[in-house]
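Here my numbering = 1-based position in the sequence shown + 17.
Each residue gets a CB set at the ideal place from its N, CA and C atoms; glycine is no exception.
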Amino acid sequence: MLATAALSSAAAAQSNPRSIVISSANGVRACARAMELLKAGADTLDAVIAGVNILEEDPEDTSVGFGGLPNEEGVVELDASVMHGPSRRAGSVASIRGVKTPSKIAKLVMEQTDHIMLVGEGAGRFAESMGYRREILLTEKARLAWLVWKQSLRDASGHNNWVGSLDAPATAAKPSAQLKRLFPQAGDDLLAWAWQVAVHPPTGTINCLALNAHGEMSGVTTTSGLAWKIPGRVGDSPIIGAGLYVDQDVGGAGSTGRGEENIRIAGAHTIVENMRHGMTPKEACLDALKRVARNFSDDRAKLLQFDLSFYALRRDGEYASASLWNGHNFAVNDGGESRLETAAALLER
Ligand code: ASP
């Protein structure tokens, strides 16, 4: 009976298609750009990639692409995946260095190779072979935050190699004042932000899903991953089936938040399968989040230590987002201005 419901909604989509783009809350501009391109007749994957390129190229966005917070060695490593519904193809890159727009490289992996995923140095060399020049992606803002993080670390005796102390004169400036010498332009707000992200390593990503008037769908997820990660750490964003999944017959899903927990439940694929079997996008996302909570035996104290958000767009245009914890929005564009809508939540803080 559920399968019948899913089939009839797919049939409805064929008779009553509409263009729609959804994304994580940071994607208001991305959704607008993607919709503009859909209206101009662009392919759904080209549209969502052009949308997320805005954030990937923005040095002020510290969670995606250029300007992303680096790994523990101060090197920006990016992850991205793409799925193209009509051709049922996928591509992804993980831990790629030196290229601002990993979503474009993921698409090139999809189109130009017989592989689906390239990682690390191999992904970087592939980008070079496709005509990309590698650049330093660490902005001054991200370097400042990374140095503050270094200063915040302590060994068991409370020592830190990144703060001059033992041989420093009694009159030496405090670490924060030393930083001001290194970054004379940094105001108090920027330093306060750097301290905040040093102590609470942030995540941050964009997932963007699109449906066009022909009922075609695609999706992309792109990120700089977890700040201060161990070099080589790969999150959920480039994992097909975790950070992104699109099935042209059913719909698409993606995620942001703590990737490790999403990988353990193959979230995006789980959500698409839930929709295939008749759940609404909201039910499908909440069910996936229940699996995450189940992995911690619903231990609230442990679950409070992270967050995870899912986004789902069904082929009939129905969409939703749900997060582990309340208080999240997501971006939607169905042809006019992009807007933020409130995401459902599994748990209340
Ligand atoms: N999911 C990303 C990761 O784990 C980060 C994020 O979305 O904030 O790499």
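Please determine, among Pro219, Val263, Leu228, the residue with the shortest C-alpha to C-alpha distance to Gly242. Within the sequence shown, residue 242 is the residue found at index 225, counting from 1. Of the candidates Pro219, Val263, Leu228, the one whose C-alpha sits nearest the C-alpha of Gly242 is Pro219.
Between the alpha carbons of Gly276 and Gly334, how many angstroms are there, rounded? Taking the sequence shown and counting its residues from 1, the one referred to as residue 276 is at position 259. Taking the sequence shown and counting its residues from 1, the one referred to as residue 334 is at position 317. Taking the Cα positions, Gly276 is about 26 angstroms away from Gly334.
Between Pro218 and the ligand ASP, is the CB less than 8 angstroms from at least one heavy atom? Translated into the one-based positions of the sequence shown, residue 218 becomes position 201. Because no heavy atom of the ligand ASP lies under 8 angstroms away, the Cβ of Pro218 does not count as near it: no.
Nearest-angstrom Cα distance between Ala348 and Thr297? The residue given as residue 348 occupies position 331 in the sequence shown. The residue given as residue 297 occupies position 280 in the sequence shown. Near 18 angstroms, if we compare the C-alpha coordinates of Thr297 and Ala348.
Nearest residue (CA-CA) to Arg198, options Asp184, Leu164, Gly175: Here residue 198 refers to the residue found at position 181 of the sequence shown. Check the Cα spacing between Arg198 and each of Asp184, Leu164, Gly175: the tightest is with Leu164.
Do you know whose CA, among Ala97, Met134, Asp266, Asn312, lies nearest Glu290's CA? As a first step, residue 290 is located in the sequence shown; it is residue number 273 there, counting from the start. The shortest Cα separation from Glu290 among Ala97, Met134, Asp266, Asn312 belongs to Asp266.
For the alpha helix (DSSP H) that contains Trp210, what are its first and last residues? Residue mapping note: residue 210 aligns to position 193 of the sequence shown, counting from 1. 205 to 216 is the extent of the alpha helix (DSSP H) around Trp210.
Considering only their Cβ atoms, is the gap separating Ala339 from Ala310 smaller than 9 angstroms? Here residue 310 corresponds to residue number 293 of the sequence shown, with the count starting at 1. Here residue 339 corresponds to residue number 322 of the sequence shown, with the count starting at 1. Cβ distance not < 9 angstroms, so Ala310 and Ala339 don't count as in contact.
From His286 to Gly258, what does the alpha carbon distance come to, in whole angstroms? Taking the sequence shown and counting its residues from 1, the one referred to as residue 286 is at position 269. Taking the sequence shown and counting its residues from 1, the one referred to as residue 258 is at position 241. Between His286 and Gly258, the alpha-carbon positions lie close to 4 angstroms from each other.
Compute the distance between the beta-carbons of Ala329 and Gly249, then report whether it is under 9 angstroms. By one-based count along the sequence shown, residue 329 stands at place 312. By one-based count along the sequence shown, residue 249 stands at place 232. No, the pair does not count as a contact, with Cβ atoms beyond the cut-off.
Would you identify the three-state DSSP class for His231, choosing helix, strand or coil? Counting from 1 along the sequence shown, the entry for residue 231 is found at position 214. Coil, per DSSP.
What is the rounded straight-line gap between the Cα of Asn177 and the Cα of Val216? On the sequence shown, residue 177 is found 160 positions in, with the first residue counted as 1. On the sequence shown, residue 216 is found 199 positions in, with the first residue counted as 1. Going by C-alpha positions, Asn177 is about 15 angstroms away from Val216.
Taking the alpha-carbon positions, what's the Leu208 to Gly102 distance? Indexing the sequence shown from 1 puts residue 208 at position 191. Indexing the sequence shown from 1 puts residue 102 at position 85. Spanning the two alpha carbons is a distance of roughly 44 angstroms.
Take Leu3 as the anchor and find which of Asp316, Leu303, Arg332, Ser314 has the nearest alpha-carbon. Here the chain covers residues 18 to 366 and nothing more, so residue 3 does not appear.
Measuring from the CB of Arg275, is there a heavy atom of the ligand ASP at a distance below 8 angstroms? On the sequence shown, residue 275 is found 258 positions in, with the first residue counted as 1. It does: the Cβ of Arg275 is within 8 angstroms (strictly closer) of some heavy atom of the ligand ASP.
Could you tell me the distance, in whole angstroms, from the CA atom of Gly68 to the CA atom of Ile37? Looking up residue 68 in the sequence shown gives position 51. Looking up residue 37 in the sequence shown gives position 20. Using only the alpha carbons, I get a separation of about 13 angstroms.
Spatial distance of Val368 from Pro186 (CA atoms): Within the shown structure, residues of the chain are numbered from 18 to 366, placing residue 368 beyond reach of any answer.
Could you have a look at Asn88 and say whether DSSP puts it in helix, strand or coil? Stepping through the sequence shown from its first residue, residue 88 is reached at position 71. It is coil, neither helix nor strand.
How is the beta strand (DSSP E) around Met127 delimited, first residue to last? Taking the first residue of the sequence shown as 1, we reach residue 127 at position 110. Looking at the DSSP string, Met127 is not in any beta strand (DSSP E); the run it does join, the alpha helix (DSSP H), is 119 to 129.
Could you tell me how far apart the beta carbons of Thr239 and Glu73 are, in whole angstroms, since I believe they sit closer than 8 angstroms? As a first step, residue 239 must be located in the sequence shown, where it is residue number 222. As a first step, residue 73 must be located in the sequence shown, where it is residue number 56. Contact flag correct, Cβ pair sits at about 6 angstroms.
According to DSSP, is Thr297 helix, strand or coil? Stepping through the sequence shown from its first residue, residue 297 is reached at position 280. The answer is coil: DSSP assigns Thr297 none of H, G, I, E or B.
Should Leu196 and Leu161 be called a contact, given that it needs their Cβ atoms to be closer than 9 angstroms? As a position in the sequence shown, residue 196 is number 179, starting the count at 1. As a position in the sequence shown, residue 161 is number 144, starting the count at 1. Yes. Within cutoff.
C-beta atoms of Ser120 and Ala140 nearer than 9 angstroms: Along the sequence shown, one-based indexing puts residue 120 at 103. Along the sequence shown, one-based indexing puts residue 140 at 123. No, Cβ-Cβ distance for Ser120 and Ala140 is not below 9 angstroms.
Tell me whether Ala194 is buried or exposed, calling it buried when 16 or more other Cβ atoms sit within 10 Å of its Cβ. On the sequence shown, position 177 is the one that residue 194 refers to. Counting Cβ neighbours within 10 Å, Ala194 comes out exposed, since fewer than 16 surround it.
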